[in-house]
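Residue numbers (this note's numbering): 7 to 168. The C-beta atom is built at its ideal place from N, Cα and C for all residues, glycine as well. What follows is a single structure, written as structure tokens, with notes after it.
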């Protein structure tokens with residue numbers, strides 16, 4: 007999850023420990039980095055890390071993310087990104103029938119409706135395809151690294167904020 011990359015950068019620059027900020031997936035990667043290489047980091051701010059494994063609907067959320075990745079591989083950027091946007095806009099716990107609902111129309115989000123055949127989107131081909139992440143809470147608590155989990159003023163009930 008990029009922790010080794012972050013470590014190599016800090017090591018190469020020779021300026022550690024550093025203060026760092028990561029938002030969304032970067033927040034999750036940073037939490038992993040803090041556990042793997044605590045000597046690299048003094049303070050880490052994790053802004054709305056979508057640690058879905060800790061949610062009451064976490065197992066369903068994992069399936070929804072897998073469906074988004076499958077949609078990307080099968081149908082391309084527009085349909086998959088429309089599903090992703092609908093997911094992050096959803097407020098509250100995901101209903102049991104979430105995956106059975108009609109897929110959102112990519113055009114409603116200004117996304118392409120045709121598949122151009124490319125599969126090079128970093129979010130859809132890389133980050134979302136990573137295995138579900140559950141932070142090592144005990145290691146984070148016992149670490150000398152100051153970890154701050156931050157949330158925005160808006161987005162109450164959204165997936166990353168829950």
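For residue i, tell me which candidate among the options has the shortest Cα-Cα distance.
i: residue 123; options: 46, 42, 8, 77; result: 77
i: residue 154; options: 40, 50, 28; result: 50
i: residue 111; options: 96, 67, 92, 102; result: 92
i: residue 57; options: 15, 126, 29; result: 29
i: residue 46; options: 25, 109, 61; result: 25
i: residue 157; options: 32, 23, 166, 94; result: 166
i: residue 68; options: 44, 102, 79; result: 102
For residue i and residue j, I'd like the C-alpha separation in whole angstroms.
i: residue 145; j: residue 21; result: 23 Å
i: residue 5; j: residue 36; result: Because the chain here runs from 7 to 168, residue 5 falls outside it and cannot be looked at.
i: residue 129; j: residue 41; result: 24 Å
i: residue 148; j: residue 109; result: 43 Å
i: residue 160; j: residue 19; result: 36 Å
i: residue 163; j: residue 74; result: 21 Å
i: residue 14; j: residue 44; result: 13 Å
I need the DSSP call for residue i, collapsed to helix, strand or coil.
i: residue 49; result: strand
i: residue 154; result: strand
i: residue 131; result: helix
i: residue 25; result: strand
i: residue 164; result: strand
i: residue 8; result: coil
i: residue 18; result: helix
i: residue 123; result: coil
i: residue 159; result: coil
i: residue 136; result: coil
So who's on the other strand from residue i, going by DSSP bridges?
i: residue 115; result: In the DSSP output, where bridge partners are listed per residue, residue 115 has none listed.
i: residue 97; result: 164
At 3 residues or longer, what runs of the beta strand (DSSP E) sit wholly inside the region 43-93?
47-53
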